[in-house]
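Visitor: Protein sequence lines correspond, in order, to chains E and P. Using my numbering, the first residue of the first sequence is number 25, and each one after it goes up by one. Using my numbering, the first residue of the second sequence is number 1288, and each one after it goes up by one.
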Amino acid sequence: MIHAISLAAILFGIWLLLSGHYTPLLLGIGGLSAILAVVVAFRMDVVDHEGHPLRLGLRILAYWPWLAWQIVRANLDVSRTILSPSLPISPEAFPFRSGQQTELAQVIFANSITLTPGTVTVAEENGELVVHALTRQGADDIRSGAMDRKVTALEGRP
Amino acid sequence: MSAAIVDWASWALLLTGGAFGVIGGIGVVRLPDFYTRLHASSVTDTLAAYLILLGLMLQAGLTLAAGKLALIMFFLFFTSPVAAHALANTAYHDGLHPWTRRPPSQTGSKPETPPVESPAFPDKPADDAATGGPKSDS
């Protein structure tokens, strides 16, 4: 129920942001649309903790700035590699076993790897992620497990 | 005065973003195979796109347009890794082997060897299990 209410609130917020007209008629239509969308989502059985992870809450807000800094750092690394005349790449694919328990956190981890340039999550096999890295340094960054621990901490302890 | 500062900051963001876009393009041309080119295109996907959107938000000021640009950034943040993963995953399941540098002392600006078969791909479970991660399921 809490997921349905917060989903409706978010949908209505997006309506407000995108419409820009604040007359009673349009606000009413917006509210009805939000409720209708929630009803449809409810019937599709997608209103749950996965599509709409409330429990991550504030912890994810602390993770995003760290991730943003990693993205900037990785971008500079990859750009330097691309612009070097000798093209100093050492691509490799390697398996990595992550420490997350929930599927949601695993998705966040795999997405974070892909989001940072220089490393891409290629596949998931037998509980291991197959990661492709452009340089040895990028691969070592993943293997050091810093990002893995950060994402595992997002799960919290139930 | 402060409007001028915002304008300059906005242009600085737009130009750096554009420069990273060009770098990503150069990378797509220079790098040897599909997987490595994917890394170059993710430079364009992430930093270039974010910087350009931030620059545009400064141009827009505190308006609804800035909020919409922020929404674009938010959706890009979630969809671009999914798209990159879908491409990489398809190539992987199609059996495309990644290019690896065979002799480490290869000189010259551009590696010319075609993608070679690397026996380490796709699966080398036995000896990598020890170094794969700092913690296993304990």
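Where a beta carbon is used, it is the ideal one built from N, C-alpha and C, also for glycine.
Using 8 Å as the cut-off, can you tell me whether the stretch 73 to 85 of chain E makes contact with the stretch 50 to 58 of chain E, which would need three or more C-beta pairs spanning the two stretches below that distance?
Guide: They do not touch, by the three-pair rule.
Visitor: Restricting to runs no shorter than 3 residues, where is the beta strand (DSSP E) found entirely within the stretch 30 to 97 of chain E?
Guide: Those beta strand (DSSP E) runs which fall completely within the stretch 30 to 97 of chain E and span 3+ residues do not exist here.
Visitor: Is there a C-beta anywhere in chain E that falls below 7 Å from the one on G1354 (chain P)?
Guide: Closer than 7 Å: yes.
Visitor: Run through the DSSP bridge pairs and tell me what F133 (chain E) is partnered with.
Guide: According to DSSP, F133 (chain E) bridges with nothing at all.
Visitor: For chain P, find out if any of its Cβ atoms is closer than 7 Å to the Cβ of P141 (chain E); answer yes or no.
Guide: For P141 (chain E), the answer is yes, since a Cβ of chain P falls inside 7 Å of its Cβ.
Visitor: Along chain P, in chain order, which residues have C-beta atoms closer than 7 Å to that of T47 (chain E)?
Guide: Residues of chain P passing the Cβ test: none, with the nearest at roughly 15 Å.
Visitor: Taking only beta-carbon positions, decide if G44 (chain E) is within less than 7 Å of chain P.
Guide: Judged by the 7 Å Cβ criterion, G44 (chain E) is in contact with chain P.
Visitor: Name, please, each residue of chain E whose Cβ falls closer than 9 Å to the Cβ of F1362 (chain P).
Guide: The contacting residues do not exist; F1362 (chain P) stays about 11 Å from chain E at best.
Visitor: In the DSSP assignment, find the unbroken beta strand (DSSP E) run with P222 (chain E) in it and report its ends.
Guide: The structure shown does not extend to residue 222 (chain E), since chain E is modelled only from 25 to 182, so the question has no answer here.
Visitor: Just to confirm, are S114 (chain E) and T143 (chain E) a CB contact at a threshold of 7 Å?
Guide: Contact flag unset, no.
Visitor: Residue range of the beta strand (DSSP E) that T143 (chain E) falls in?
Guide: Where T143 (chain E) is concerned, the enclosing beta strand (DSSP E) stretches over T143 to E149.
Visitor: Can you tell me whether T1366 (chain P) is buried or exposed, with buried defined as 16 or more other CB within 10 angstroms of its CB?
Guide: With fewer than 16 Cβ atoms within 10 Å of its Cβ, T1366 (chain P) is classed as exposed.
Visitor: How many Å lie between D69 (chain E) and F36 (chain E) at the Cα?
Guide: Straight-line Cα distance between these residues: approximately 20 Å.
Visitor: For a cutoff of 7 Å on Cβ pairs, would you count A117 (chain E) as touching chain P?
Guide: Chain P, which has a Cβ nearer than 7 Å to the Cβ of A117 (chain E), makes this yes.
Visitor: What three-state label does DSSP hand H156 (chain E) in the structure shown?
Guide: Here H156 (chain E) sits in strand by DSSP.
Visitor: Indicate the three-state DSSP secondary structure (helix, strand or coil) for I1310 (chain P) in the structure shown.
Guide: Note: I1310 (chain P) maps to helix in three-state DSSP.
Visitor: Can you find the residues in the same chain that come closer than 6 Å, C-beta to C-beta, to P141 (chain E), ignoring five residues on each side of it along the sequence?
Guide: These residues qualify, in order along the chain: A98, N99 and V102.
Visitor: Please check the pair R1324 (chain P) and I106 (chain E), which I expect to be a contact at CB under 8 Å, by giving their CB distance rounded to whole angstroms.
Guide: In fact, because the Cβ distance is near 10 Å, the residues do not count as touching under 8 Å.
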